[in-house]
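Taking it in order: structure first as structure tokens, then the write-up.
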Amino acid sequence: MAIPGIVLGLAYMMFFKGSIIYSTIDILIMVNLVHFFASPYLMAYNALNKLNANLEAVGQTLGIPHRRMILDVFIPQTSGTIVEMASCFFVNCMVTISAVAFLANVSHMPLALLISDFDTQMLVECAALVSIVIFVANVAAKVVFAAVKRTLAK
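Numbering (the working numbering), first residue to last: 93 to 246.
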């Protein structure tokens, strides 16, 4: 959280310039994962701290493999947090400009960058339309994430 997005975008641009992943969707995904990692990490950390500390010891005593403990105990207990983490990544990545401004090209340009492009071209109506599309997409995603979270809670 301490690294500003513009610094992260410039660092990725300078490091990956001329590489095979530069100007691809892969570098945009990588920079967004690094940029927005802190909040979902803290969500996961707090959710796992709320679980009983003896669950892992009980699983080892009963001979349950770690993979089964993760799939059968930890993921169901933290499914709401996992959905919130995905929601956080989605919404933040939809509206980010700073980290991806130097890494996007015409074929892989996030919608948020179009807002600033239209604004500099004095196409205020187009910028407003793109903003509304992003807003509607975020609201729809939040509704879907809330439905999934409600379904998992049952």
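Even glycine gets a Cβ: it sits at the ideal position worked out from N, Cα and C.
1. May I have a chain-ordered list of the beta strand (DSSP E) segments no shorter than 3 residues that lie completely inside the stretch 184-209?
2. So, is residue 158 buried or exposed, given that buried needs 16 or more other C-beta atoms within 10 angstroms?
3. Can you tell me the Cα-Cα spacing of residue 228 and residue 138, whole angstroms?
4. Taking one C-beta from the stretch 119-127 and one from the stretch 203-211 each time, how about it: are there three or more such pairs within less than 8 Å?
5. Apart from the five residues on each side of it in sequence, which residues of its chain come closer than 8 Å, Cβ to Cβ, to residue 240?
6. Tell me which residue opens and which closes the alpha helix (DSSP H) that residue 152 is part of.
7. Please list the segments of the beta strand (DSSP E) lying wholly inside the stretch 213-245, counting only runs of 3 or more residues, in order along the chain.
8. Mind the definition here: the stretch 213-221 touches the stretch 124-138 only if three or more C-beta pairs lie below 8 Å; say whether that holds.
9. From residue 36 to residue 140, what does the alpha carbon distance come to, in whole angstroms?
10. Alpha carbon to alpha carbon, how far is residue 246 from residue 153? Give it in angstroms, no decimals.
11. Could you check where the alpha helix (DSSP H) with residue 144 kicks off and where it finishes?
12. If you measure between the beta carbons of residue 234 and residue 183, is that distance less than 9 Å?
A quick look at the data gives this:
1. Counting only runs of 3 or more, we get nothing.
2. The residue labelled residue 158 in the question sits at position 66 within the sequence shown. Residue environment: residue 158 is assigned as exposed (fewer than 16 neighbouring CB atoms within 10 Å of its CB, all protein chains considered).
3. For the purposes of this step, residue 228 is identified with residue 136 of the sequence shown, where counting begins at 1. For the purposes of this step, residue 138 is identified with residue 46 of the sequence shown, where counting begins at 1. Spanning the two alpha carbons is a distance of roughly 30 Å.
4. Short answer: they don't touch.
5. Here residue 240 corresponds to residue number 148 of the sequence shown, with the count starting at 1. For residue 240, where only same-chain residues beyond five positions count, the Cβ hits under 8 Å are 175.
6. Residue numbering aside, residue 152 sits at position 60 when the sequence shown is read from its first letter. It spans 147-153 - the alpha helix (DSSP H) in which residue 152 sits, taken as one unbroken run.
7. If we require 3 residues or more, the stretch 213-245 turns out to have no beta strand (DSSP E) run fully inside it.
8. Contact fails: fewer than three Cβ-Cβ distances are below 8 Å.
9. The displayed coordinates of the chain run from 93 to 246. Any statement about residue 36 would go beyond what the structure contains.
10. Here residue 153 is taken as the residue at index 61 of the sequence shown, counted from 1. Here residue 246 is taken as the residue at index 154 of the sequence shown, counted from 1. Rounded to the nearest angstrom, the two C-alpha atoms are 30 Å apart.
11. Against the sequence shown, residue 144 aligns to sequence position 52. Note, residue 144: premise wrong, no alpha helix (DSSP H); not H, not E.
12. Taking the first residue of the sequence shown as 1, we reach residue 234 at position 142. Taking the first residue of the sequence shown as 1, we reach residue 183 at position 91. Cβ distance < 9 Å, so residue 234 and residue 183 count as in contact.
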